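Peer 1: First the structure, then my questions, so here it is.
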Amino acid sequence: MRIGVLALQGAFIEHRHMLEALGVESFEIRQKSHIPTAFDGLILPGGESTTMGKLLRELELFDPIQTLIKGGLPVFGTCAGLLLLAKEIANDDKRHLATMDIRAKRNAYGRQLGSFHTRAEFKGLGEIPMTFIRAPYVETLWDGTEPLAEVDGKIVAARQGRQLVTAFHPELDDDLSVHGYFLGMVTGSE
Ligand code: GLN
């Protein structure tokens, strides 16, 4: 199994470390030529969604990645990665890959709660640590999108088919279960 990690900016190396700890090979995608003809899944890391969206277009990665996701390549977006996948963003006029039927709210926790750490239930995984950094949440979901975790009544993880998003950063804690869940989506066991 080989998982590509979008490595334009943000917290991509941490995702590679999680995959390594799970014994899974990963590689970085920084330009079009880094997209192999066959691979098994894609991670869109946290960072800054506007910057990543702009770089995706400038580097001509936007169309091939969007086509792969629409074609069923399993994808896991964390934080800014969630915003890249959202079809709607409540408080931003930008749209990015827009493959997932969610409306996200960007920088949704205000200034005081910009960053925080908590523990909460994730469907099927039990209680796990969750680190939020200027995070979005999922305001609305539709068309077969399932909520997987909530914090204070707000959806912070969701899945639609082979697309998984978390508003928090599982790659910044030492709990491997969300990455394990994603790998289960890749192999078809989840
Ligand atoms: N606030 C960032 C954005 O709007 C996301 C933050 C993150 O990925 N940690 O893109």
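By numbering that gives the first Met the number 0, the letter at position 52 of the sequence shown is numbered 51, and the numbering carries on one by one without gaps.
Even for Gly, the Cβ is constructed at its ideal location relative to N, Cα and C.
As the structure is a prediction and not an experimental result, all values here were calculated from the model.
1. Name the residue from Val137, His16, Ile42 whose alpha carbon lies nearest to the alpha carbon of Ile2.
2. For a quick check, are the C-beta atoms of Lys69 and Thr49 less than 8 Å apart?
3. Between Ile88 and Leu82, how many whole angstroms is the CB-CB distance? I'm expecting something under 8 Å.
4. Does Gln30 pass the burial test, meaning 16 or more other C-beta atoms within 10 Å, or should it be called exposed?
5. In the structure shown, what three-state DSSP assignment does Leu7 receive?
6. Is the beta carbon of His178 less than 8 Å from the beta carbon of Met17?
7. Can you grab the Cα-Cα spacing for the pair Pro44 / Asp151, in whole Å?
8. If you pair each beta-carbon of the stretch 118–125 with each one of the stretch 55–71, do three or more pairs fall below 8 Å?
9. According to DSSP, Gly76 sits in a beta bridge with which residue or residues?
10. Which same chain residues end up closer than 7 Å to Thr117 when comparing Cβ atoms and leaving out the 5 residues on each side of it in sequence?
11. Does the beta-carbon of Asp100 have 16 or more other beta-carbons within 10 angstroms, so that it is buried, or is it exposed?
12. The ligand GLN heavy atoms versus the CB of Gly160: any closer than 7 Å?
13. Give me the residue from Val4, Phe11, Gln8 with the minimum Cα distance to Gly40.
14. Give the DSSP-derived three-state secondary structure of Leu140 in the structure shown.
15. Quick check: what's the CA-CA separation for Leu147 versus Thr139?
Peer 2: Quick answer:
1. Selected option, being the one with the closest Cα: Ile42.
2. Their beta carbons are not under 8 Å apart, which means Lys69 does not touch Thr49 by this criterion.
3. For Ile88 against Leu82, the beta-carbon gap comes to about 6 Å, under 8 Å, which counts as contact.
4. With a 10 Å radius around the Cβ and a threshold of 16 neighbouring Cβ atoms, Gln30 comes out exposed.
5. Correct three-state label for Leu7: coil.
6. Less than 8 Å separates the beta-carbon of His178 from that of Met17.
7. One C-alpha to the other measures close to 24 Å.
8. Fewer than three Cβ pairs drawn from the stretch 118–125 and the stretch 55–71 lie within less than 8 Å of each other, which leaves the two stretches out of contact.
9. Leu43, Val164.
10. For Thr117, where only same-chain residues beyond five positions count, the Cβ hits under 7 Å are Met129, Val150.
11. Classification for Asp100: buried.
12. Result no, Cβ not under 7 Å from the ligand GLN.
13. In terms of CA proximity to Gly40, Val4 leads the group Val4, Phe11, Gln8.
14. Three-state result, Leu140: strand.
15. Rounded to whole angstroms, Leu147 to Thr139 spans 13 Å at the Cα level.
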